[in-house]
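Visitor:
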Amino acid sequence: MSVRSDGDPAARAATRLVASVPWAVVGIGVGLLVTLLVLAMSAFRGSERAAAPDPAPPMVFPSLPATAASPTPAEPRRATPTARVTAAPSASTSGRPTPRPSPTTDRPSLFGSGFGTVTARYRTLDSDQDTFRAELSVRNDTGASRGWEVELRFAGNVEGVRVSSSAAISVTVRGAGWYVVRGGPLAAGASQTVTLRFTGSGADEYPDQCTVEDGQCVLG
Numbered sequence: 001m002s003v004r005s006d007g008d009p010a011a012r013a014a015t016r017l018v019a020s021v022p023w024a025v026v027g028i029g030v031g032l033l034v035t036l037l038v039l040a041m042s043a044f045r046g047s048e049r050a051a052a053p054d055p056a057p058p059m060v061f062p063s064l065p066a067t068a069a070s071p072t073p074a075e076p077r078r079a080t081p082t083a084r085v086t087a088a089p090s091a092s093t094s095g096r097p098t099p100r101p102s103p104t105t106d107r108p109s110l111f112g113s114g115f116g117t118v119t120a121r122y123r124t125l126d127s128d129q130d131t132f133r134a135e136l137s138v139r140n141d142t143g144a145s146r147g148w149e150v151e152l153r154f155a156g157n158v159e160g161v162r163v164s165s166s167a168a169i170s171v172t173v174r175g176a177g178w179y180v181v182r183g184g185p186l187a188a189g190a191s192q193t194v195t196l197r198f199t200g201s202g203a204d205e206y207p208d209q210c211t212v213e214d215g216q217c218v219l220g
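If you're matching positions, the sequence shown starts at 1 in full-length UniProt numbering and goes up one per residue.
1. Name the DSSP bridge partner or partners of residue 214?
2. Among the residues of its own chain, which have a CB less than 7 Å from the CB of residue 93, if the five just before and after it don't count?
3. Excluding the five sequence neighbours on either side, which residues of its own chain have a C-beta within less than 7 Å of the C-beta of residue 195, listed in chain order?
4. From the DSSP output, in three-state form, read off residue 198 for me.
5. Using the rule of at least 16 other Cβ atoms within 10 Å of the residue's Cβ for burial, across every protein chain shown, is residue 43 buried or exposed?
6. Mind checking residue 29: buried by the 16 CB within 10 Å criterion, or exposed?
7. Confirm, please, whether the CB-CB distance from residue 212 to residue 161 is below 8 Å.
8. Relative to the C-alpha of residue 116, which residue among 140, 192, 26 and 131 is closest?
9. Which residues bound the beta strand (DSSP E) around residue 132?
10. Tell me which residues share the same chain as residue 181 and place their Cβ nearer than 6 Å to its Cβ, disregarding the 5 neighbours each side in the sequence.
11. If I follow the unbroken beta strand (DSSP E) through residue 170, where does it start and stop?
12. Give the secondary structure of residue 165 by DSSP, where H, G and I count as helix, E and B as strand, and everything else as coil.
13. On the DSSP letters alone, give me the boundaries of the beta strand (DSSP E) that residue 181 sits inside.
14. Going by DSSP, what residue range makes up the beta strand (DSSP E) through residue 127?
15. Using a threshold of 8 Å, state whether the C-beta atoms of residue 184 and residue 123 are closer than that.
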């Protein structure tokens with residue numbers, strides 16, 4: 001039996017080299033693919049970093065200086081008014097007589113301002129050393145006929161009175177210087193005038209009191 005020789009060792013090495021070429025190509029291709037994949041991933045990450053903007057720096061606002069609180073103006077004090085008490089003059093105790101008030105000079109009308117009453121007016125006409133004459137006018141504003149009565153009171157030295165009138169007039173003496181003059185019925189709206197003559201030395205011509213039963217008496 002003959003033995004077949006495998007040939008030259010160089011030929012065997014060449015054969016093995018040819019048989020291993022495809023695997024080398026595959027290995028190179030795989031290496032290229034891996035390299036490309038790594039490069040692609042690196043490029044993608046780089047683009048992500050470039051696309052993402054850097055965070056903006058924090059905004060710092062200028063702080064306003066603290067405003068000092070304005071002082072509250074103090075309320076001015078109001079001056080409290082002080083009540084002044086004026087002492088009333090004390091009454092005189094020297095025993096001097098109180099001066100008599102002068103007759104009223106307020107003359108709103110001839111017979112006063114009474115309405116619906118009997119009114120009177122007393123005034124002096126003339127005088128001499130021991131006598132003086134006065135006129136007494138009476139008016140009936142009651143709306144009905146009625147009699148009248150006037151009371152005269154003198155503080156001076158009046159000693160008597162006489163009526164110089166044709167009408168039915170009566171005079172009653174109540175005391176020193178105190179006389180009541182009466183007249184008969186007087187028609188509504190009518191008036192009557194009586195002349196009186198008084199006697200007395202140094203007597204005041206005006207009475208201290210002149211009153212009508214339900215009306216007003218005017219002096220002057």
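In this text, a Cβ means the ideal position worked out from N, Cα and C, and glycines have one as well.
Source: prediction; values computed, not measured.
Guide: Inspection of the coordinates gives the following:
1. Taking the sequence shown and counting its residues from 1, one reaches residue 214 at position 214. Answer is none; residue 214 lacks a bridge partner.
2. Counting from one through the sequence shown, the residue named residue 93 turns up at place 93. Residue confidence is low: residue 93 scores 39 on pLDDT, short of 50, so the model does not pin down where it sits. Its coordinate-derived value is still stated next. Result list for residue 93: empty, nothing under 7 Å.
3. In the sequence shown, the residue the question calls residue 195 occupies position 195. Correct list, in chain order: 133, 135, 164 and 165.
4. For this step, residue 198 is matched to residue 198 along the sequence shown. In this structure, residue 198 counts as strand in the three-state DSSP scheme.
5. What you label residue 43 is simply residue 43 of the sequence shown in a count that begins at 1. The residue is exposed, with fewer than 16 neighbouring Cβ atoms inside 10 Å.
6. Reading the sequence shown from its first residue, position 29 is the one you call residue 29. Answer is exposed; the Cβ neighbour count stays below 16.
7. In the sequence shown, residue 161 corresponds to position 161, counting from 1. In the sequence shown, residue 212 corresponds to position 212, counting from 1. No. Outside cutoff.
8. Against the sequence shown, residue 116 aligns to sequence position 116. Of the listed residues, the one whose Cα sits closest to residue 116 is 140.
9. Residue numbering aside, residue 132 sits at position 132 when the sequence shown is read from its first letter. Here the beta strand (DSSP E) through residue 132 covers 131-140.
10. As a position in the sequence shown, residue 181 is number 181, starting the count at 1. For residue 181, where only same-chain residues beyond five positions count, the Cβ hits under 6 Å are 150 and 171.
11. Within the sequence shown, the letter at position 170 stands for residue 170. Note, residue 170: beta strand (DSSP E), 169-175.
12. Your numbering for residue 165 matches position 165 in the sequence shown. Residue state, collapsed to three classes: coil.
13. For the purposes of this step, residue 181 is identified with residue 181 of the sequence shown, where counting begins at 1. From DSSP, the beta strand (DSSP E) with residue 181 extends over 178-186.
14. Locating residue 127 in the sequence shown gives position 127, counting from the first residue. Counting along the chain, the beta strand (DSSP E) containing residue 127 begins and ends at 118-127.
15. Residue numbering aside, residue 184 sits at position 184 when the sequence shown is read from its first letter. Residue numbering aside, residue 123 sits at position 123 when the sequence shown is read from its first letter. In this structure, residue 123 does not lie closer than 8 Å to residue 184 by Cβ.
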